[in-house]
Amino acid sequence: MNVQSGKLALRSQEWIQTALFQLMEKKEYSHISITEIADRAGLARQTVYRNFQDKDVILLNYLDGFMKGMWHDVGVGMKTTFDEEMFVLLFRNWQRNAPAALIHSILTKDRKIRQLIYKSICDYFDELLASRRNEPGENGEEAMHTHGLYAGKSLSSIVHMMLIEWTLNDFHLTPEQIGSVVSDLTASIRAYL
């Protein structure tokens, strides 16, 4: 990622992100251009490109912060236990804090948005799993590593699919209910993590 830091860069990034979400409320994500984002943010195109490689990175940067912020907000830090409590927290945070523009893009079935949400979940789970593998006492058997790799990707896929379907169904279950369903459906997969 080409994300800059510094006070001015952070302010520009916030404006760029806000502009993208404002545009997403009126237009399909796949049809939004960097020029439109720059115009809406009141910035030059070069400023957008100085801060982000492309519009996908803008959204991935937001989603990365969303995932990491979820644990920070509740004081948990980098939680590495994939359990029902974690799933409930994820779904509750999504329901309360996902921007309306992102929900709108899911409801309009924008495939690119779904791909980016999946990538975000997958990257975050990979990070959590990597931190678990570095813990003392972990078994380094090759077969378990292979199973763990595919189990992690399978878990990401199921959580992503359940998050999207739950959103499409207007959050018809409580976060506790959907978290319990995900926990039950992924129990055998999580045994390999």
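Residues in the sequence shown are numbered from 1 upward in steps of one, following full-length UniProt numbering. Yeah, the Cβ is synthetic: ideal placement off N, Cα and C, and Gly gets one too.
DSSP places Phe-21 in the helix class (H, G or I) of the three-state scheme. About 20 Å separates the Cβ atoms of His-147 and Ile-121, ruling out a contact at the 8 Å cut-off. Secondary structure note for Gln-177: its alpha helix (DSSP H) is the uninterrupted segment 175-185. Distance between Trp-15 and Phe-82, taken at the CA atoms: about 34 Å.
Judged by beta-carbon spacing, Leu-155 lies within the 8 Å limit of Arg-190, meaning their Cβ atoms are closer than that value.
Looking from the CA of Ile-103, the closest CA among Gly-179, Glu-176, Pro-175 and Phe-171 belongs to Phe-171.
Within the same chain, Leu-20, Ile-32, Ile-34 and Ile-37 come within 7 Å of Lys-55 by CB-CB distance, once the 5 residues on both sides are set aside. With contacts defined as CB atoms closer than 8 Å, Phe-87 and Val-182 qualify as a contacting pair. For Thr-108, the three-state secondary structure derived from DSSP is coil. Distances from the CA of Glu-28 to each of Leu-163, Lys-112, Glu-176 and His-145 were compared; the closest alpha carbon is that of Lys-112. With fewer than 16 other CB atoms across the displayed protein chains lying within 10 angstroms of its CB, Tyr-150 is exposed. Distance from the CA of Gln-95 to the CA of Leu-116, rounded to the nearest whole angstrom, comes to 18 Å. Distances from the alpha-carbon of Asp-64 to those of Leu-128, Ser-30 and Glu-84 put Leu-128 closest.
Taking Val-48 as the centre and dropping the five residues before and after it, the same chain places the C-beta of Ile-16, Ile-34, Ile-37 and Ala-38 closer than 7 Å to its C-beta, in chain order. Within the same chain, Cβ atoms closer than 6 Å to the Cβ of Gly-179 are found at Glu-84, Phe-87, Val-88 and Phe-91, the five residues on either side in sequence being excluded. With a contact defined as Cβ atoms closer than 8 Å, Ile-106 and Thr-18 miss out at about 19 Å. Within a 10 Å sphere around the beta-carbon of Leu-23 sit 16 or more other beta-carbons, which makes this residue buried.
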